[in-house]
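Heads up: the protein sequence lines correspond to chains A, B and C, in order. So the first sequence is residues 33 to 183, counted in this note's numbering. So the second sequence is residues 304 to 415, counted in this note's numbering. So the third sequence is residues 4 to 505, counted in this note's numbering. For every residue, glycine included, the Cβ atom is placed at its ideal position computed from N, Cα and C. In this text, all values refer to a predicted model and were calculated from it rather than measured experimentally.
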Amino acid sequence: MSREHEQGMSVIVKTITRLTVGLILLYGIYILVHGHISPGGGFPGGIIIALSFIHLMLAYGKDAALKKLPRYVTSFLEGFGALMFLAIALLGFSGGYFFLNFISKGEPFKLFSAGTILLSNLAISLKVGAGLFAIFVALILFRFDDEGEEE
Amino acid sequence: MIVYLLCLLLFCVGLYCILRKRNIIKIIVGVIIAEYAVNLLFILVAYRRGGRAPLHSPDAVIENMVDALPQALVLTSIVISLASTALLIAIAMRIYQKYRTFDITKIRELRG
Amino acid sequence: MNYFAGMIPFFVVLALGGAFLVSLAGRRLKIFPDIAGLLTTFSLLLLSVLAVIAVSGGGLLVYSIGAWRPPVGINFVLDGLAAFMLVTVNLIAFLVSLYAVNYMERYTDKWKFYTLFLLMLGGMNGVIITGDMFNLFVYLEIASIASYALVAFGTEKHELEAAFKYAVMSTVGSLFILMGIVFLYSYTSTLNMAHMALVLAQRGTSNILLMVSILFIMGFGLKAALVPFHAWLPDAHPSAPAPISAMLSGVLIKSLGVYALCRVFYNVIGINPALSSVFLVLGTLSMLIGVFLAIGQWDLKRLLAYHSISQIGYVILGLGLGTPLGIVGGLFHLFNHSVFKSLLFLNSGSVEYATGTRDLNKMGGLIKKMPVTGRTNLVASMSIAGIPPFNGFWSKLIIIIAAVQAQEFFYAFWAVLASILTLASFMKVTKYCYFGRLKEKLKGVKEVPVCMKVSMSLLAIICILGGLLILPRGESLFLGKAGYSLLKGTSYGNEVFEEVNK
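Have a look at this one:
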């Protein structure tokens with residue numbers, strides 16, 4: 033077997049992963065953007081998006097996933113998501129109140145409705161998704177560091 | 304009534320696990336069980352007899368919904384548990400790295 | 004709406020925004036974390052001083068988030084007690100972050116420290132100003148989780164062990180609090196504290212309230228390290244880096260434990276004689292057991308941590324008396340304890356910074372080598388032991404007088420005894436650490452860098468001048484308003500709704 037196959041799991045898992053990982057990502061995005069009109073929202077959406085990357089990491093090993101989403105990008109996205117949420121909250125001051133829903137609410141049950149909720153969901157999903165992935169990577173990589181220390 | 308008591312029993316199982324087990328990982332599992340029990344209690348408190356999911360759709364008639372607020376709150380509480388559990392696990396891994404054991408009776412540098 | 008009411012959210016926004024900015028930009032720019040930390044805490048201090056002035060008229064300010072009015076939406080409430088706590092927390096936070104500029108040079112990844120520090124500060128400010136029960140829990144957890152990580156910051160053996168113990172026990176405490184909130188919600192069908200107070204006043208007492216009270220006493224008692232629940236504190240507080248020990252002992256246990264306990268029991272559930280006597284017993288137990296355990300310690304920081312338990316006992320004793328004088332005394336002691344206990348922890352940090360040890364047996368004569376640290380430590384020791392001109396004396400005196408006035412001679416006696424034992428144990432510290440013969444090994448010890456000196460000196464000046472707060476003007480502006488917020492009890496609910504509907 034070539035070097036590529038030593039990392040990660042067997043060919044079957046890799047093939048299935050290649051087929052499903054995009055669907056998982058899409059499903060996460062769907063949950064995320066429909067958060068204000070159906071069950072779901074920023075947190076579940078972000079978790080599912082993070083799960084697609086975790087799935088990739090489990091099947092292909094850490095290098096393949098970290099090439100797609102390096103650690104500095106993760107930590108940047110995490111901070112950015114939090115600041116974006118804070119910024120949306122602060123922009124509410126344009127209407128006089130913290131967290132005011134200052135964008136027009138639109139028509140109920142349409143995708144672009146509910147004002148800032150969609151944007152807030154986006155920010156939350158960035159924060160949660162990046163956070164979960166960062167936690168996972170930190171816990172996974174820590175054990176490698178530890179084994180390295182032993183040798 | 305019985306479901307609430309079972310929920311409290313689950314909480315007590317978690318507490319027992321935290322107080323009596325010697326393995327760090329088992330203690331963490333105890334914390335997770337206790338957190339789960341409290342979240343479950345919150346959801347059960349919001350239940351109304353024969354209530355349906357608190358979803359709103361264009362053609363639905365709103366009647367007899369369960370209380371929607373605790374469901375949002377439990378989501379927040381789950382996020383908090385995620386953070387504290389992740390931190391606990393990270394600390395446990397570090398402890399294992401330093402002490403080479405998960406047994407808390409052997410991890411005793413601090414006394415008095 | 005009062006002009007200041009619009010500023011209330013910034014107590015949380017500034018701290019959290021600072022934390023996330025540091026985590027984004029602090030990695031590259033080495034100087035940025037220090038500047039951001041100092042600027043944030045300083046502006047928070049200014050804001051909280053403004054807050055005291057804003058509520059000096061006697062009323063309270065309510066801010067409805069997202070323009071949703073209280074029974075429905077989340078609101079922030081700023082009253083005398085909240086303003087008092089904000090000043091305490093942000094004052095200590097500013098001085099501690101000034102100290103940390105030099106002290107944290109020893110650790111790598113300063114930006115992580117500042118991120119967690121500001122996150123913890125944001126959580127504490129949130130706990131203080133929120134007017135919503137579940138929001139209280141969320142802020143409490145933000146502050147607690149940040150503090151677990153900060154206790155484990157050095158990732159040495161004993162730090163990890165202490166952090167694990169602290170994290171597990173504190174999480175259980177949070178679960179008790181959450182369970183109490185669940186029962187309260189199921190009983191009152193509301194989460195807003197003001198609305199809850201109104202509903203509870205209508206419904207009268209019931210067994211559920213008893214259960215909720217027990218859960219809250221256990222939960223907040225764990226956070227405040229009252230005696231049956233204190234086991235984590237003597238491990239966790241000494242293990243953290245010195246600035247964090249100062250924050251944890253100085254303000255964290257007070258804002259998460261004592262403040263939340265008072266707010267919930269005085270303003271929402273309503274105090275009754277049975278609860279008062281529970282407070283008195285818990286306070287006295289903490290006071291005595293804390294100080295007895297402290298005397299035997301040889302680890303400097305551990306000794307100080309046991310004294311935190313003992314001094315929290317005084318605060319709870321004063322608050323439990325329930326008389327106006329007792330409450331003012333308790334709150335005054337809370338402020339004083341924040342000041343001198345943070346100063347003592349910063350001193351111990353300086354000693355550790357200079358000599359590399361925390362064992363009292365290995366020190367001696369340090370006042371010659373470290374004059375600023377030695378003298379500020381003397382001031383703080385005399386304050387905590389209750390020597391007359393310093394602030395600790397006045398607050399203990401008020402608490403003891405209040406106990407005597409309330410005919411609780413039994414508790415007054417124990418308070419005096421605990422104070423004498425405190426004096427004894429701090430004489431031990433000063434004798435072994437700062438006076439006596441200079442050890443051979445410590446000949447090369449140098450005084451600590453300038454920022455640390457400035458921070459300690461400022462705290463010592465506050466210790467000396469703190470007694471002035473009980474003069475009539477200071478009392479009416481600062482402590483009296485805070486005490487009044489507690490004394491008015493469950494009419495808190497009415498006041499909030501009057502303010503909202505104005």
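Below-8 angstroms beta-carbon distance, residue i vs any chain A residue
i         : result
B:Ala-389 : yes
B:Gly-415 : Residue confidence is low: B:Gly-415 scores 46 on pLDDT, short of 50, so the model does not pin down where it sits. Its coordinate-derived value is still stated next. So no, B:Gly-415 is outside the interface.
C:Val-141 : no
C:Ile-68  : yes
B:Pro-361 : yes
B:Ala-395 : no
B:Ile-392 : yes
C:Pro-12  : yes
B:Ile-331 : no
Neighbour list for residue i in chain B, Cβ cutoff strictly below 7 angstroms
i         : result
A:Ile-167 : Ala-389
C:Ser-189 : Val-348
C:Tyr-117 : By Cβ distance, chain B contributes nothing, its closest Cβ being about 18 angstroms from C:Tyr-117, past 7 angstroms.
Beta-carbon gap between residue i and residue j smaller than 8 angstroms
i         : j         : result
C:Ala-354 : B:Ile-383 : Correcting the residue identity first, residue 354 of chain C is Val in this sequence and not Ala. Cβ distance not < 8 angstroms, so C:Val-354 and B:Ile-383 don't count as in contact.
C:Gly-470 : C:Trp-417 : no
C:Thr-379 : C:Met-459 : yes
C:Ala-155 : C:Ala-146 : no
C:Phe-438 : C:Gly-368 : yes
C:Met-373 : C:Glu-450 : yes
B:Pro-361 : B:Ala-371 : no
C:Ser-313 : C:Phe-343 : no
C:Leu-27  : A:Phe-85  : no
A:His-68  : A:Ser-145 : yes
C:Phe-500 : C:Pro-73  : yes
C:Phe-23  : A:Ala-119 : no
C:Phe-481 : C:Leu-489 : no
B:Asn-367 : B:Arg-351 : yes
C:Ala-297 : C:Ala-383 : no
A:Gly-74  : A:Ser-152 : yes
B:Ile-335 : B:Pro-373 : no
Contacts that residue i makes with chain B (C-beta to C-beta distance below 9 angstroms)
i         : result
C:Val-407 : Going along chain B, no residue has its Cβ under 9 angstroms from C:Val-407, so there is no contact; the nearest lies around 35 angstroms.
Integer-rounded CB distance, given that residue j should sit under 8 angstroms from residue i
i         : j         : result
C:Ile-401 : C:Gly-293 : 20 angstroms between Cβ atoms; not a contact.
C:Phe-408 : C:Thr-326 : The residue asked about is misnamed: residue 408 of chain C is Gln in this sequence, not Phe. Yes, C:Gln-408 and C:Thr-326 are in contact; Cβ-Cβ is about 7 angstroms, under 8 angstroms.
Beta carbon proximity, residue i to chain C, threshold 8 angstroms
i         : result
A:Phe-131 : yes
B:Leu-344 : yes
B:Leu-309 : no
A:Phe-184 : Outside the modelled stretch of chain A, which goes from 33 to 183, sits residue 184 of chain A, for which no answer is possible.
A:Leu-154 : no
A:Met-85  : It is Phe, not Met, that sits at residue 85 of chain A in the sequence shown. Chain C, which has no Cβ nearer than 8 angstroms to the Cβ of A:Phe-85, makes this no.
B:Leu-358 : no
B:Thr-379 : yes
B:Ile-328 : no
A:Glu-179 : Its pLDDT being 42, under 50, A:Glu-179 is placed unreliably by the model, and the measurement read from it follows with that caveat. So no, A:Glu-179 is outside the interface.
A:Phe-108 : yes
A:Leu-115 : yes
Partner residues on chain C for residue i, Cβ-Cβ distance less than 9 angstroms
i         : result
A:Phe-112 : Phe-23, Leu-27
Under 7 angstroms by beta carbon: chain A residues contacting residue i
i         : result
B:Val-382 : Phe-75
C:Leu-19  : Leu-118
C:Val-16  : Leu-118, Leu-122
Chain B within 8 angstroms of residue i, Cβ atoms only
i         : result
C:Glu-144 : yes
A:Leu-171 : yes
A:Glu-183 : Bear in mind that the predicted position of A:Glu-183 carries a pLDDT of just 29, short of 50, making it unreliable; the figure below should be weighed with that in mind. No - not a single Cβ of chain B is within 8 angstroms of the one on A:Glu-183.
C:Ile-211 : no
C:Ile-148 : yes
Neighbour list for residue i in chain B, Cβ cutoff strictly below 8 angstroms
i         : result
A:Pro-102 : Result: empty, since nearest Cβ-Cβ is about 20 angstroms, beyond 8 angstroms.
A:Phe-141 : Ser-360, Pro-361
Residues that residue i contacts on chain C, provided the C-beta gap is smaller than 7 angstroms
i         : result
B:Lys-401 : Lys-160, Leu-163
Contacts that residue i makes with chain C (C-beta to C-beta distance below 8 angstroms)
i         : result
B:Thr-408 : Within chain C, no residue comes near B:Thr-408; the closest Cβ sits about 12 angstroms away, beyond 8 angstroms.
B:Val-341 : Leu-178, Leu-181, Met-182, Val-185
- Message: Using 8 angstroms as the cut-off, can you tell me whether the stretch 122-135 of chain A makes contact with the stretch 51-70 of chain A, which would need three or more C-beta pairs spanning the two stretches below that distance?
- Response: Between the stretch 122-135 of chain A and the stretch 51-70 of chain A, the count of Cβ pairs shorter than 8 angstroms is below three; the stretches do not touch.
- Task: Check whether the stretch 63-70 of chain C touches the stretch 80-87 of chain C, counting contact only when three or more Cβ pairs, one atom from each stretch, lie closer than 8 angstroms.
- Result: yes
- Report yes or no: do three or more beta-carbon pairs, one from the stretch 253-273 of chain C and one from the stretch 106-114 of chain C, lie closer than 8 angstroms? no
- Count the C-beta pairs between the stretch 91-102 of chain A and the stretch 158-173 of chain A that are closer than 8 angstroms, then say yes if the count reaches three, no if not. yes
- contact_flag[the stretch 204-223 of chain C, the stretch 123-132 of chain C] where n(CB pairs < 8 angstroms) is 3 or more: They do not touch, by the three-pair rule.
- Query: How about the stretch 240-250 of chain C and the stretch 173-183 of chain C: do they share at least three Cβ pairs that are nearer than 8 angstroms?
  - Reply: Not touching, per the Cβ criterion.
- Message: Using a Cβ distance threshold of 8 angstroms, determine whether the stretch 48-62 of chain C contacts the stretch 85-94 of chain C, with at least three qualifying pairs required.
- Response: Segments in contact, yes.
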